[in-house]
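Report on the following structure.
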Amino acid sequence: ALPFCVLSAITAGATGLENGYVSLFGNEIGLSNVGWWFTIAAVALLISRLFGGKLTDRYERIMIPSGFLLMAAAFFALSTFTHTSSITVLTIVFALSATFKSLGLGIVQPALQASCMRCVDQERRGAASGTYYLGTDIGQAFAPILGGIVIERTNTHTMFGVYTIPLILAIGIYLATAKKAQKQ
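Have a look at this one:
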């Protein structure tokens, strides 16, 4: 269950950064009152949870990496915002980032938890669940702290760009874990 703990931490870290810094980032790039980000994100999350589960049940080894890619694309898009972009472009990219991040999260989060439960014997599922959720707590706690350190030294653009790295690495971790589980 430890690889799923790490993947859970990465996934939750993205949410922690989103919750902690999107409003600050919106003000920084000239978009005031970005509460609509969270409305768009909630709708996208609902949509992905409605349809993502059935797709993931059939195509897990494609859907989970795709979900991480969507999240990475959202963070990469946020990292490319500039003050010279028009307000229309900023608004569109900001809305698309909210959509991509939440679509990816809605696919990845429940699929990782289900995969974690399948990787252990039934009598170990409680321990596996606790391990998985420990990763969620670690990601929610430490990603915003580390993000704040990056922002202090650079800016929010860079912080979002830097977080694409763990999201891309998560794909490799997942594929290695899935391949190892398949051999057993």
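Every letter in the sequence shown is one number past the one before it in this note's numbering, and letter 113, counting from 1, is 486.
By construction, the Cβ of each residue, glycine as well, lies at the ideal position given by its N, Cα and C atoms.
- Less than 8 Å divides the Cβ of Y505 from the Cβ of Q486.
- L404 and T412 have their alpha carbons spaced roughly 15 Å apart.
- The three-state reading of DSSP puts V395 in helix, counting H, G and I together.
- Collapsing the DSSP output to three states places F454 in coil.
- Taking the Cα positions, A501 is about 9 Å away from C378.
- About 14 Å separates the beta carbon of L380 from that of Y536, a gap too long to meet the 8 Å contact definition.
- With distances taken between CA atoms, F515 lies nearest to I383 out of I383, L375, A374.
- Classified as exposed, I435 has fewer than 16 neighbouring CB atoms from the shown chains inside 10 Å of its CB.
- Distance from the Cα of G386 is smallest, within the candidate group F398, F448, G426, for F448.
- If you draw a 10 Å sphere on the C-beta of A415, you find fewer than 16 other C-beta atoms in it, and that means exposed.
- Nearest in C-alpha terms to I518, of all of L375, G393, A374, P376, is G393.
- By a beta-carbon distance limit of 8 Å, G389 does not contact L443. Their separation comes to about 18 Å.
- Distances from the alpha-carbon of T529 to those of F398, R491, L375, E391 put F398 closest.
- For S405, the secondary structure class from DSSP, reduced to helix, strand or coil, is coil.
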